[in-house]
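Residue numbers (our numbering), protein chains in the order written: chain A, 9 to 185; chain B, 7 to 156.
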């Protein structure tokens, strides 16, 4: 197997995780694809060290998270501005259209999968100031304090934004059931 | 809903989400970018990817530059001081030249406006006074010493 083949296999193995990290933070598929490409280019430069390392996935995830946050930093002042303007009752853009039935039939499984897809869309539709800390907390397993430090905002604001984001997702969840 | 319950509910739901699939275009994009990156010469890539020998050489060059700067610093400082002195001297000369120019201009203006118009008359007056003195002296000489000689 050539280096190019090995790296292609490496990208195939990790691309979903890297893309998922980026798209949940950025909420935008095109930007997430750009960030994922950047992450894999960095990985290629260090492929000798990380190619066969068991820590490669963790390294990729960390780089993807930092690259996404750096990408957001370019728009940080706009983000803060709209964060202050945004009302307490910001709603996700996506809405659930299906009602789930509480059984274990194949139809239920299908609807459940569809609902999850909609939850993913609802998460991406959250305002940025709610989605980013929410993703960092639930997917990246960062503490409130670490999120506040990373984003450069107060601890109280992080807690408020995460709570409002959860409330918005809960309303969507209840609306779909 | 209690915040803790809400956190647990949302955490359970979000963690149950399957990771979004990367678009099919990502892999070809990455491989194309990797090919472009691989075609670049080594010195155009990140320093960490340079050959080890060149990394060592670049560090040594950096250290040599820093050491050279440290050694040459007193000389450089003396040169700067000398240049500063020359600049000060040049500044003084320039200032003096400016003063001279101002004085010359003032004299020139005074000459043209006040003195130049009366100079011919002054010379004429001086010439007449000289003539008068000569005539007076001759007359006096004739009267005084002429009688005495007789």
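In this text, a Cβ means the ideal position worked out from N, Cα and C, and glycines have one as well. Predicted model only: the values in this text are computed from it and were never measured.
Legend entry - Residue from 149(A), 170(A), 126(A), 77(A) whose Cα sits closest to the Cα of residue 182(A): On the first chain, residue 182(A) is found 174 positions in, with the first residue counted as 1. Nearest of 149(A), 170(A), 126(A), 77(A) to residue 182(A), Cα basis: 126(A).
Legend entry - Contact list for residue 146(A) against chain B, beta-carbon separation under 8 Å: As a working mapping, residue 146(A) is identified with position 138 in the first chain. Neighbours of residue 146(A) on chain B, chain order: 16, 17, 20, 21.
Legend entry - Minimum Cβ-Cβ distance from residue 4(B) to chain A less than 8 Å: With chain B running from 7 to 156 in the structure shown, residue 4(B) is simply not present.
Inset, instruction - Could you check how far apart the C-beta atoms of residue 128(A) and residue 26(B) are, in whole angstroms? I think they sit under 8 Å. - result: Position 120 of the first chain holds residue 128(A). Position 20 of the second chain holds residue 26(B). The pair is a contact, with the Cβ atoms about 6 Å apart (cut-off 8 Å).
Legend entry - Members of the region 88-106 of chain B that neighbour chain A once the beta carbon cut-off is set at 7 Å: none
Inset, instruction - Indicate whether at least one CB of chain B lies closer than 8 Å to the CB of residue 150(A). - result: Along the first chain, read from residue 1 onward, the residue named residue 150(A) stands at position 142. Output row for residue 150(A): interface = no.
Legend entry - Boundaries (first-last residue) of the alpha helix (DSSP H) holding residue 8(B): Your numbering for residue 8(B) matches position 2 in the second chain. Where residue 8(B) is concerned, there is no enclosing alpha helix (DSSP H), given that its DSSP letter is neither H nor E.
Inset, instruction - Please say whether residue 49(A) and residue 76(A) have beta carbons closer to each other than 8 Å? - result: If you number the first chain from 1, residue 76(A) lands on position 68. If you number the first chain from 1, residue 49(A) lands on position 41. Cβ atoms of residue 76(A) and residue 49(A): not closer than 8 Å.
Inset, instruction - Determine the burial state of residue 80(A): buried for a count of at least 16 other Cβ atoms within 10 Å of its Cβ, exposed for fewer. - result: Residue 80(A) sits at position 72 when you count from the first residue of the first chain. When all chains shown are included, residue 80(A) counts as buried.
Legend entry - Inter-residue spacing [alpha-carbon to alpha-carbon] between residue 52(A) and residue 179(A): Counting from one through the first chain, the residue named residue 52(A) turns up at place 44. Counting from one through the first chain, the residue named residue 179(A) turns up at place 171. Their backbone Cα atoms lie some 43 Å apart in a straight line.
Legend entry - Contacting positions in the region 57-74 of chain B - beta carbon closer than 9 Å to chain A: none
Legend entry - Partners in chain A for residue 47(B), counting only beta-carbon separations shorter than 8 Å: As a working mapping, residue 47(B) is identified with position 41 in the second chain. Per Cβ cutoff of 8 Å: no residues; residue 47(B) is ~14 Å from chain A at best.
Inset, instruction - Kindly indicate which residue of 70(A), 170(A), 18(A) has the alpha-carbon position closest to the one of residue 136(A). - result: Counting from one through the first chain, the residue named residue 136(A) turns up at place 128. Checking every option, the nearest Cα to that of residue 136(A) belongs to 170(A).
Inset, instruction - Would you tell me roughly how many angstroms separate the C-alpha atoms of residue 55(B) and residue 54(A), rounded to the nearest one? - result: Here the question's residue 55(B) lines up with position 49 in the second chain. Here the question's residue 54(A) lines up with position 46 in the first chain. One C-alpha to the other measures close to 7 Å.
Legend entry - Contact belief for residue 139(A) with residue 35(A) at Cβ below 8 Å, rounded distance in angstroms: Indexing the first chain from 1 puts residue 139(A) at position 131. Indexing the first chain from 1 puts residue 35(A) at position 27. Yes, residue 139(A) and residue 35(A) are in contact; Cβ-Cβ is about 6 Å, under 8 Å.
Inset, instruction - Compare the C-beta of residue 10(B) with all C-beta atoms of chain A and state if any pair is closer than 8 Å. - result: Numbered from its first residue, the second chain carries residue 10(B) at position 4. So no, residue 10(B) is outside the interface.
Legend entry - Rounded distance between the beta-carbons of residue 156(A) and residue 143(A), thought under 8 Å: Locating residue 143(A) in the first chain gives position 135, counting from the first residue. Locating residue 156(A) in the first chain gives position 148, counting from the first residue. About 15 Å separates the two Cβ atoms, so there is no contact after all.
Legend entry - Minimum Cβ-Cβ distance from residue 80(B) to chain A less than 8 Å: Taking the first residue of the second chain as position 1, residue 80(B) is located at position 74. Chain A, which has no Cβ nearer than 8 Å to the Cβ of residue 80(B), makes this no.
Legend entry - Closer than 8 Å at the beta carbon, the chain B residues around residue 45(A): In the first chain, counting from the first residue as 1, residue 45(A) sits at position 37. By Cβ distance, chain B contributes 32, 35, 36, 39.
Legend entry - Residue environment, residue 23(A), which counts as buried when at least 16 other CB atoms sit within 10 Å: Start at 1 with the first residue of the first chain, and residue 23(A) comes out as number 15. Per the 10 Å Cβ criterion, buried.
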